[in-house]
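Trainee: One structure is given below, represented as structure tokens, and several questions about it will come after.
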Amino acid sequence: MEKILEVKDLELSFHTFAGEVKAIRGVNFDLLKGETLAIVGESGSGKSVTTKSIMRLLPEHSSEFKNGEILFNGKDLTKLTDKEMQKIRGKDISMIFQDPMTSLNPTMPIGKQIMEPILKHRKVSKSEARKVSIDLLRLVGMPKPEARMKQYPHQFSGGQRQRIVIAIALACNPQILIADEPTTALDVTIQAQILELMKDLQKKIDTSIIFITHDLGVVANVADRVAVMYGGRIVEIGTVDEIFYNPQHPYTWGLLSSMPSLDTAEEKLYAIPGTPPDLLHPPKGDAFALRSDYALKIDLEEAPPFFKISDTHYAATWLLHPNAPQVEPPVAIVERMKKYPGSRYYEGTEGGAY
Amino acid sequence: MSQDIQKIPADSFERVHIDSSQAERITKPSLSFWQDAWLRIRKNKAAIVSMFILLFIIIMSFVGPMISPHDAETQTLTHANLPPKVPGLEKLGIMDGYGTLAGKEVDLYELKKVDTYYWFGTDGLGRDMFSRVWKGTQVSLFIAFAAALIDMVIGVAYGGISGYYGGRVDDIMQRIVEILIGIPTLVIVILMILFMEPGVTAIIIAITITGWIGMSRVVRAQVLKYKNQEFVLASRTLGASNGRIISKHILPNILGIIIINTMFTIPGAIFFEAFLSFIGLGLQPPAASLGTLINDGNKVLQFQPHILLYPSLILSLLMIAFNLLGDGLRDALDPKMKD
Amino acid sequence: MAEKLLEIKNLKQYFNQGKPNEVRAVDDVSFDIYKGETLGLVGESGCGKSTTGRTIIRLYDATDGEVIYDGVNVHDKKSKKDLKTFNQKMQMIFQDPYASLNPRMKVLDIIAEGLDIHGLVKNPKERKERVVELLETVGLNREHADRYAHEFSGGQRQRLGIARALAVNPEFIIADEPISALDVSIQAQVVNLLKELQKEKGLTYLFIAHDLSMVKYISDRIGVMYFGKLVELAPAEDLYNNPLHPYTQSLLSAIPLPDPNYERTRVRKSYDPSVHNYQDGEEVTMREITPGHFVYCSEKEYVALKAVSSARV
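As you go down the protein sequences, you meet chains G, B and V in turn.
The numbering of the first sequence is the UniProt record's numbering, which starts it at 1 and goes up by one.
The numbering of the second sequence is the UniProt record's numbering, which starts it at 1 and goes up by one.
The numbering of the third sequence is the UniProt record's numbering, which starts it at 1 and goes up by one.
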């Protein structure tokens, strides 16, 4: 499939009062046309910073691109001028934020807010823009869109507001939609509606989505591919089935097994010990080693490169090195691997690798 | 890349056990809020310079009148209207005692047969300006600090009670404030001066009679914010009394804001005092404050500019320094308020 | 089942009562909590679950109804001494690990606050030893006592909040969304700790949350709230396998699970309150369908539900 966005060796630092925070320490990924790539990770893992750097939304005085490039249609976004970037933002790449209340202007009717990007990026008349806006509202499932154009954000519920935000983001048929925890502030039933809407819309308008979340349930629901971030790096990337049924990185193991499943009653949940690394002084070697039960000597010396598991599946852990010892993943992970053809624990009839 | 990977010795792939108790360690040095604030303010050059200027002015306001050979009140009519003359500097052609007399530059000290030095010159009654300026600074600062302190005490108490108890108490107290704020300050001050003898006490009362309202509003808003914070609720579920909650939880958290607000009240009070004295509602002669000195100097600005120069210079320095220090404190104590 | 520790009877909490903007945050809710169990309370934001918890622990004065703890109504006007004993028995863990610890106090003083209020220690040395003991209970250590809250991570802070609640040796702890603000990997740490403590000290929990998978994991019984009312109360397994109220069904069908195959087939049900079609004068109340499984329903629905669940068995 066609690559629409390539992030190569991205490194980015923040200059703070306390010193240089290395928020992104070498991130590589591609975004294919029409797919949904989910980026998961804990707070401070660099998932939000990565996407904000794609949009160039980070404060210029305190953030610095140290290395790498972000290629969008052959253009390196890190090198564009602010003016050029403004033309891309909201038109080719648009973004949905976590809090629908603060991403809408409370003093402007929502119709005007949807029309704004249309008038700015497309050369259309006001009445034409109005028509497009009404169509957009209808598209995101807003009943009686004509009447609601004149209403203000506070007259809508949280879920409806997020629908409006999505309508604004889609106003110019963007090629990439970045959704930064779009459902975290919503209740589960509303979250389910918004996720359905986003999947539905993606089929209709064929845009690529980067979906940032910390909720693995949401990832399993929306993603085609998943990138797991930890300590400013991607530690594992693969298709949704590969990540959920054949994970290879100990951090992914930890994440997946620390969530209780609805049907099994484990006596004790698996908990990753300790706390995420302080990126002001990033640890030497593998950032996760200090919290891992599977740490190797070399983890403390050198950061692991990506090892290939399949054409779509890569993980950065020394455990995949041919000289590394064979380790037994946590029980919950073995249970998951049993379902996946190609994993060494596969119990199906199609025949696994082992 | 793959070449390098193959070369890694096999023994580096031994499994190691990480002591997970290490994961809970905090490596950063422990800093209290005030230590942290001090580190931040130390980086703010303007605030540090202001702090030294203020310290210098405050010390001088006490020491100044003492180190001058002349008394602030003694009138030596023969020495009237002398320009500044400073030993050492006189050789450089500035502050050498020269002044214009009938359009000509002459050494006034020689003319009037004065063989001592008046560092800031003298006024129309022959009083030493150096002593008078510092004495006046002392009075102005006293008024300002006293007023700020009273503002703080009343404001914190009033705002605190209003915010903490809320409900009907809050309603009534806020209506009273609204009535008070509706009356122009100057009207109150003029009434005050009519009933009271003009003097330091009258001015302090005049400044504080409505001055505390600003502080009370800030404190009320802060108390309203903090009283529903979870750590206060936690303390309540532990059975803490109101007194304990206020003194241990709410006050320490709003102390920063109180300090910042007071830092901005002080220059306000200095300026208001100067203003009152300047329009003649403040201190009466022979008492000196920066305001009365400026008032005196203003009258003879064309002939004796030095009489106006020094008090206004100090007033300006005080105002700028207090404001810069206040800004610095605000950034240090309440980083969120910056934007 | 074990003896009742807490009985909540017809609890009501109305804000701005009698004014046009009256909010019925908790509207006639009754349930019991048994000694040593964990009762989960779930619902969406604004359904009144947190208000219920806060009213039980007297952070709000109830508009009406009774909270009977060990046979005594805690909402009666009582002497200071009685209130203190009550405060010692019932404690709370809060949601926001950043707002629930006083930023100007050292960990030592935060945790020792309950000890000071109730006079549980005699001298500073004993106080410090007790705090260190509590820190070790929650997986921290002596070094942490002299630090300030802002130096800790979210999960560590939440454990400090637990240590503070444990300081007074409570019997009953209300955990108000204690893990909602934490990262997934840290949530498990806190939940494990809560479970361990329960086993060790025989604690009873009221666990308030909106994350249903964690609630199911930690709770023995679960109550579902919808707009100030308790709509279903059942043993955890029973509620998940056999939800009876249409709102519970819709809530359960909306949870995404970390299992792509399940997600591809999950069908979401939506809840429309008008399906009940309650008539005027019809008495809608909590009725027991199967033993221990209560549903908020009318007489007519009761008969229908009873028929459905007996058919299932």
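A virtual CB, placed ideally from N, CA and C, is assigned to each residue, including glycine.
1. Just reading off the alpha helix (DSSP H) that B/H306 is part of, what are its end residues?
2. With G/T312 and G/T239 assumed to form a contact (beta carbons below 8 Å), what rounded beta-carbon distance in angstroms separates them?
3. Sorted by chain position, which residues of the same chain lie with C-beta nearer than 6 Å to G/M115's C-beta, five sequence neighbours on each side aside?
4. For residue 338 of chain V, decide whether its Cβ has a neighbour in chain B, counting only Cβ atoms nearer than 7 Å.
5. When DSSP builds the beta bridges, which residues end up paired with V/I68?
6. Output the distance between the C-alpha atoms of G/K3 and G/L177, rounded to the nearest integer angstrom.
7. Please give me, in chain order, every unbroken run of the alpha helix (DSSP H) with length at least 4 that falls completely inside the region 166-237 of chain V.
8. Please state whether the Cβ-Cβ distance between V/I111 and V/R159 is less than 7 Å.
9. So the candidates are G/L31, G/H15, G/I88; which of them puts its Cα closest to the Cα of G/M1?
10. Quick check: the Cα distance between G/P304 and G/L320, rounded to an integer number of angstroms?
11. Thinking V/A181 and V/D96 are a contact (beta carbons under 8 Å), I'd like their distance in whole angstroms, please.
12. Among V/N192, V/R24, V/I8, V/E22, whose alpha-carbon lies nearest the alpha-carbon of V/D32?
13. Please state whether the Cβ-Cβ distance between V/T204 and V/G40 is less than 7 Å.
14. Report yes or no: do the region 135-152 of chain B and the region 269-278 of chain B share at least 3 C-beta pairs separated by less than 8 Å?
15. My output table needs one value for G/L12: the three-state DSSP class, helix, strand or coil.
16. For residue 402 of chain V, which residues does DSSP report across the bridge?
17. Let me know the secondary structure DSSP gives V/Q249 once reduced to three states.
18. What first and last residue would you give for the beta strand (DSSP E) that runs through V/Q91?
19. Which one of B/P83, B/I48, B/Q284, B/G124 has the shortest CA to CA distance from B/E110?
20. Going along chain G, which residues have a C-beta under 7 Å from V/D183?
21. What are the complete alpha helix (DSSP H) segments, minimum 4 residues, inside the region 75-138 of chain V?
22. Does the separation of the CB atoms of B/L281 and B/I193 fall below 7 Å?
23. Can you tell me which of B/S140, B/V169, B/V106, B/H70 puts its alpha carbon nearest to the alpha carbon of B/R127?
24. Would you kindly work out how many angstroms separate the C-alpha atoms of V/L103 and B/N253, rounded to a whole number?
25. Sorted by chain position, which residues of the same chain lie with C-beta nearer than 7 Å to B/I58's C-beta, five sequence neighbours on each side aside?
26. Rounded to whole angstroms, how far is the Cβ of V/F94 from the Cβ of V/D176, which I believe are closer than 8 Å?
27. Tell me which residues of the region 277-297 of chain G have at least one Cβ-Cβ distance to chain V shorter than 8 Å, keeping chain order.
28. Are the CB atoms of V/H245 and V/E237 nearer to each other than 7 Å?
29. Which two residues bound the contiguous beta strand (DSSP E) that contains G/S94?
30. Rounded to whole angstroms, what is the Cα-Cα separation between G/E347 and V/V308?
31. Straight-line CA distance for G/Y354 to G/L216?
32. Could you work out which residues of chain V lie near G/L269, taking near to mean beta carbons separated by less than 8 Å?
33. Identify the contact partners of B/I26 in chain V, using a Cβ-Cβ distance below 8 Å as the criterion.
34. Strictly under 7 Å for the Cβ-Cβ distance: is G/A324 near chain B by that measure?
35. How far does the beta strand (DSSP E) with G/N67 in it extend, from its first residue to its last?
36. In its own chain, which residues sit with a C-beta less than 6 Å from the C-beta of G/H249, not counting the 5 before and 5 after it?
Mentor: Looking at the coordinates:
1. Start at 1 with the first residue of the second sequence, and residue 306 of chain B comes out as number 306. Here the alpha helix (DSSP H) through B/H306 covers 305-333.
2. What you label residue 312 of chain G is simply residue 312 of the first sequence in a count that begins at 1. What you label residue 239 of chain G is simply residue 239 of the first sequence in a count that begins at 1. With 8 Å as the limit, G/T312 and G/T239 qualify as a contact, their Cβ atoms being about 5 Å apart.
3. Here residue 115 of chain G is taken as the residue at index 115 of the first sequence, counted from 1. These residues qualify, in order along the chain: A129, S133.
4. Missing from the structure shown is residue 338 of chain V; chain V here goes from 1 to 313 and no further.
5. Here residue 68 of chain V refers to the residue found at position 68 when the third sequence is read from its first residue. For V/I68, which the question treats as bridged, DSSP gives the partners V/E7, V/N73.
6. As a position in the first sequence, residue 3 of chain G is number 3, starting the count at 1. As a position in the first sequence, residue 177 of chain G is number 177, starting the count at 1. When rounded, the distance between both Cα atoms is 15 Å.
7. 184-201, 212-218
8. Within the third sequence, the letter at position 111 stands for residue 111 of chain V. Within the third sequence, the letter at position 159 stands for residue 159 of chain V. Not a contact, by the Cβ cut-off of 7 Å.
9. Reading the first sequence from its first residue, position 1 is the one you call residue 1 of chain G. For the residues G/L31, G/H15, G/I88, the minimum Cα distance to G/M1 belongs to G/L31.
10. Mapped onto the first sequence, residue 304 of chain G falls at position 304. Mapped onto the first sequence, residue 320 of chain G falls at position 320. So the alpha carbons of these two residues sit roughly 10 Å apart.
11. In the third sequence, the residue the question calls residue 181 of chain V occupies position 181. In the third sequence, the residue the question calls residue 96 of chain V occupies position 96. Confirmed, about 6 Å.
12. Position 32 of the third sequence, counted from the first residue, corresponds to residue 32 of chain V. Minimum Cα distance to V/D32 is reached at V/I8.
13. Locating residue 204 of chain V in the third sequence gives position 204, counting from the first residue. Locating residue 40 of chain V in the third sequence gives position 40, counting from the first residue. Going by C-beta atoms, V/T204 is not nearer than 7 Å to V/G40.
14. yes
15. Start at 1 with the first residue of the first sequence, and residue 12 of chain G comes out as number 12. Strand.
16. The displayed coordinates of chain V run from 1 to 313. Any statement about residue 402 of chain V would go beyond what the structure contains.
17. Working through the third sequence from its first residue, we reach residue 249 of chain V at position 249. V/Q249 falls in the helix class under three-state DSSP.
18. Walking along the third sequence from the start, residue 91 of chain V turns up at place 91. Unbroken beta strand (DSSP E) run through V/Q91: 90-93.
19. Translated into positions along the second sequence, residue 110 of chain B becomes position 110. The residue with the shortest Cα to Cα distance from B/E110 is B/P83.
20. Along the third sequence, one-based indexing puts residue 183 of chain V at 183. Within chain G, the residues near V/D183 are E42, S43, H214.
21. 80-89, 107-117, 124-137
22. Working through the second sequence from its first residue, we reach residue 281 of chain B at position 281. Working through the second sequence from its first residue, we reach residue 193 of chain B at position 193. Yes, they are a contact pair.
23. Reading the second sequence from its first residue, position 127 is the one you call residue 127 of chain B. Minimum Cα distance to B/R127 is reached at B/H70.
24. The residue labelled residue 103 of chain V in the question sits at position 103 within the third sequence. The residue labelled residue 253 of chain B in the question sits at position 253 within the second sequence. First, the amino acid is wrong: residue 103 of chain V is Pro here, not Leu. Each residue's Cα considered, the two are about 8 Å apart.
25. Taking the first residue of the second sequence as position 1, residue 58 of chain B is located at position 58. Result list for B/I58: L141, in chain order.
26. Looking up residue 94 of chain V in the third sequence gives position 94. Looking up residue 176 of chain V in the third sequence gives position 176. Yes, V/F94 and V/D176 are in contact; Cβ-Cβ is about 6 Å, under 8 Å.
27. none
28. Within the third sequence, numbered from 1, the residue matching residue 245 of chain V stands at position 245. Within the third sequence, numbered from 1, the residue matching residue 237 of chain V stands at position 237. Taking 7 Å as the Cβ cut-off, V/H245 and V/E237 do not qualify as a contacting pair.
29. Start at 1 with the first residue of the first sequence, and residue 94 of chain G comes out as number 94. Note, G/S94: beta strand (DSSP E), 93-96.
30. The residue given as residue 347 of chain G occupies position 347 in the first sequence. The residue given as residue 308 of chain V occupies position 308 in the third sequence. Their backbone Cα atoms lie some 37 Å apart in a straight line.
31. On the first sequence, position 354 is the one that residue 354 of chain G refers to. On the first sequence, position 216 is the one that residue 216 of chain G refers to. Residue confidence is low: G/Y354 scores 40 on pLDDT, short of 50, so the model does not pin down where it sits. Its coordinate-derived value is still stated next. Going from the Cα of G/Y354 to the Cα of G/L216 covers about 28 Å.
32. As a working note, residue 269 of chain G is residue 269 in the first sequence. Within chain V, the residues near G/L269 are A188, V191, N192, Y217.
33. To locate residue 26 of chain B, count along the second sequence from 1; it is residue 26. Those are E143, H144, R147, E151, F152, listed as they occur along chain V.
34. Your numbering for residue 324 of chain G matches position 324 in the first sequence. By this cut-off, G/A324 is an interface position.
35. Residue mapping note: residue 67 of chain G aligns to position 67 of the first sequence, counting from 1. Unbroken beta strand (DSSP E) run through G/N67: 63-72.
36. The count along the first sequence starts at 1 and reaches residue 249 of chain G at position 249. Excluding residues within five positions, the ones whose Cβ falls inside 6 Å are V235, E236, A315, T317.
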